[in-house]
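Residue numbers (this note's numbering): 831 to 1034.
Here a beta-carbon is modelled for each residue, glycine too, at the ideal position from N, C-alpha and C.
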Amino acid sequence: MVCTEFNIEEAKERLKEQLNEERYNHSIGTMETAMELADILHLDKNKAQIAGLLHDCAKCYPNDKLLKIIHDELTDVQDSELVNYKTLHAPVSAYIAKQDFGVTDPEILSAIRWHTLGKVEMSDFEKMIFLADKIEKNRHNEEFRNECLTLVTLKNGLSLAMFRCYQETIKSLIDRKLAICHVTISVYNDLLASSKLAEQQNEG
Ligand SMILES: [Fe+2]
Ligand SMILES: [Fe+2]
831 MVCTEFNIEE AKERLKEQLN EERYNHSIGT METAMELADI LHLDKNKAQI
881 AGLLHDCAKC YPNDKLLKII HDELTDVQDS ELVNYKTLHA PVSAYIAKQD
931 FGVTDPEILS AIRWHTLGKV EMSDFEKMIF LADKIEKNRH NEEFRNECLT
981 LVTLKNGLSL AMFRCYQETI KSLIDRKLAI CHVTISVYND LLASSKLAEQ
1031 QNEG
């Protein structure tokens, strides 16, 4: 599929049937923020729009359906990823984006795949979608959204904003007494190193 041929309006209609209203609005918000970030970061805005819109396309599936698709269709999901059910929709959303929405672009599919847990050494495009999901306007955390939008304008700002996201994610997991996947800890440590480097670059 050539991304310019992707029909956004048609995808929105189909998505509306698969998500509840809150999740649909969040998807639109993520799409808009992804496009805003793509402008700031000089990344592909068309692909950002598609990835942002579809990143949660399987979010409203029941857990047994998510687990069945992971078991039957996906080979790259590790047992450690199954610790927290809230993250299961990410690999399945990438699968549905490809199977049902016809997305074949590997960068879009990978960004959807990793938008919940993240991974060590994410591409800028993957980081951008991860970030858009966390700071879109329907999340009602305007202060944090503005902080991240300011950070991304700095040198290596994407690393700085991602680090802030991981800080908040880990704090929230602890507050809610949820398990922290070891991947999350590894990504946090990776981002800690790159954000320290970025801070030095911006100071110097
Ligand atoms: Fe999600
Ligand atoms: Fe999301």
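- Message: When you measure from the CB of Thr905 to every non-hydrogen atom of ligand 2, does any distance come out below 7 Å?
- Response: In the sequence shown, the residue the question calls residue 905 occupies position 75. No, since every heavy atom of ligand 2 falls outside the 7 Å radius drawn around the Cβ of Thr905.
- Query: Do you know how far the Cα of Lys877 is from the Cα of Val922?
  - Reply: As a position in the sequence shown, residue 922 is number 92, starting the count at 1. As a position in the sequence shown, residue 877 is number 47, starting the count at 1. Val922 and Lys877: Cα-Cα distance of roughly 19 Å.
- Item | Environment of Lys985 [buried if 16+ CB atoms lie within 10 Å] | On the sequence shown, position 155 is the one that residue 985 refers to. By the 10 Å Cβ count, Lys985 comes out exposed.
- Item | CB-CB length for Ser989 against Ala1028, believed under 8 Å | Residue numbering aside, residue 989 sits at position 159 when the sequence shown is read from its first letter. Residue numbering aside, residue 1028 sits at position 198 when the sequence shown is read from its first letter. Correct: roughly 5 Å between the Cβ atoms.
- Message: At the level of alpha carbons, what is the spacing between Ile965 and Arg975?
- Response: For the purposes of this step, residue 965 is taken as residue 135 along the sequence shown, with counting starting at 1. For the purposes of this step, residue 975 is taken as residue 145 along the sequence shown, with counting starting at 1. Rounded to the nearest angstrom, the two C-alpha atoms are 5 Å apart.
- Query: Excluding sequence positions up to five away, which residues of its chain have a Cβ less than 7 Å from the Cβ of Leu1022?
  - Reply: In the sequence shown, residue 1022 corresponds to position 192, counting from 1. These residues qualify, in order along the chain: Phe993.
- Message: Closer than 7 Å to a non-hydrogen atom of ligand 2 - does that hold for the CB of Thr863?
- Response: Residue numbering aside, residue 863 sits at position 33 when the sequence shown is read from its first letter. Checking the Cβ of Thr863 against ligand 2 gives no.
- Message: Need the endpoints of the alpha helix (DSSP H) that Ile1010 sits in, please.
- Response: For the purposes of this step, residue 1010 is taken as residue 180 along the sequence shown, with counting starting at 1. Element bounds for Ile1010: n/a, residue is neither H nor E.
- Query: Which of the three DSSP states, helix, strand or coil, is assigned to Met831?
  - Reply: Numbered from its first residue, the sequence shown carries residue 831 at position 1. Residue confidence for Met831 is low, a pLDDT of 49 falling below 50, so the modelled location carries little weight; the figure read from the coordinates is stated next. Here Met831 sits in coil by DSSP.
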